[in-house]
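Student: Before I ask anything, let me first share the structure, which is written out below as structure tokens.
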Amino acid sequence: MIIITQIFGIAAMIFLFMLYQQQNRKHLLVCKLCANFFWSVHYLFLGAYGGMIPNFVGIFRELVFVNRENKKWANHIIWPLVFIILNWVPGLITYKTAVNLLPITASSCVTLSLWCKKPKITKIISVPVSIMFMIYDVFVHSWIGFINESIALSSIIFYFIKEKRNV
């Protein structure tokens, strides 16, 4: 089971690395959706429900957000609040320690950042999100998650260095 758990974590890492290299918002959201699926399974197999819940909710969030450009219903201002509530309610029900609040808080930040139509804002907000997940990953022994967040932070930094050189 450990090997399968790690495989799902590695697949999620690949999609997150691709996410931070995207210029197009729709491509960014598709990468995020795929990563959320793989992280949900990874955390489920670890028994880390605090990490599984926001990633599972994120799958549906990205399905709505990716349609904002062409579906009027998906562009309603209520959606970020809906997804934040969908994270917090089950998160509080499964609450064990304060550490469980980290991924839920991080997911709330991600929800707001993905609602913005500017990938640059999403990437900036991803920095504290990655730090919150790094801390959570240490507590739930998701070493692949910790490595992922380290790589994600590096990828974000790489993106901004690349962007600055192109200016």
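Residue numbers for the sequence shown follow the numbering used here, so the first one is 348 and each next one is one higher. From the three backbone atoms N, C-alpha and C, an ideal C-beta is built for every residue, glycine too.
CB-CB under 6 Å to Trp462, same chain, minus the five flanking residues each way: which ones, in chain order?
Tutor: Taken in chain order, the residues that qualify are Pro427.
Student: Cutting at 6 Å between CB atoms, please list the residues of its own chain near Ile400, excluding the five before and the five after it.
Tutor: Result list for Ile400: Pro437, Gly438, in chain order.
Student: Assign Ile424 to one of three DSSP states: helix, strand, or coil.
Tutor: Correct three-state label for Ile424: coil.
Student: Tell me where the alpha helix (DSSP H) around Tyr483 begins and ends.
Tutor: 466-487 is the extent of the alpha helix (DSSP H) around Tyr483.
Student: I need the DSSP call for Lys379, collapsed to helix, strand or coil.
Tutor: Helix, per DSSP.
Student: Would DSSP call Gln353 helix, strand or coil?
Tutor: Looking at Gln353 - three-state DSSP - the assignment turns out to be helix.
Student: In three-state terms, what does DSSP make of Lys419?
Tutor: In this structure, Lys419 counts as helix in the three-state DSSP scheme.
Student: Rounded to the nearest angstrom, what separates Leu380 and Val485 at their Cα positions?
Tutor: Computed Cα separation, rounded: 24 Å.
Student: Note down, in chain order, each residue of its chain lying with its Cβ closer than 8 Å to the Cβ of Trp490, except the 5 sequence neighbours on either side.
Tutor: Once the five neighbours on either side are set aside, the close Cβ partners of Trp490 are Asp484.
Student: Should Leu366 and Val413 be called a contact, given that it needs their Cβ atoms to be closer than 8 Å?
Tutor: Taking 8 Å as the Cβ cut-off, Leu366 and Val413 do not qualify as a contacting pair.
Student: Just verifying my parser: in three-state terms, what is the DSSP assignment at Ala395?
Tutor: Reduced to three states, the DSSP call for Ala395 is coil.
Student: With three or more beta-carbon pairs closer than 8 Å as the criterion, would you say the region 387-400 touches the region 415-431?
Tutor: Output reads no: the region 415-431 does not touch the region 387-400.
Student: Leaving out five residues on either side along the sequence, give the residues of the same chain with a beta carbon under 8 Å from the beta carbon of Gly356.
Tutor: Excluding residues within five positions, the ones whose Cβ falls inside 8 Å are Phe385, Trp386, His389, Ser489, Ile491, Gly492, Asn495.
Student: For Asn383, which of Asn371, Ala395, Met360 has the nearest alpha-carbon?
Tutor: The candidate whose alpha carbon is nearest that of Asn383 is Met360.
Student: So which of His374, Ile468, Phe505, Ser501 has the shortest CA-CA distance to Glu409?
Tutor: Comparing Cα positions, the closest option is His374.
Student: Ends of the alpha helix (DSSP H) at Asn513?
Tutor: Its alpha helix (DSSP H) spans residues 490-513.
Student: Output needed for Ile478: all residues of its chain with C-beta closer than 6 Å, excluding positions within five of it in sequence on either side, in chain order.
Tutor: Cβ neighbours of Ile478 beyond the five flanking positions: none.
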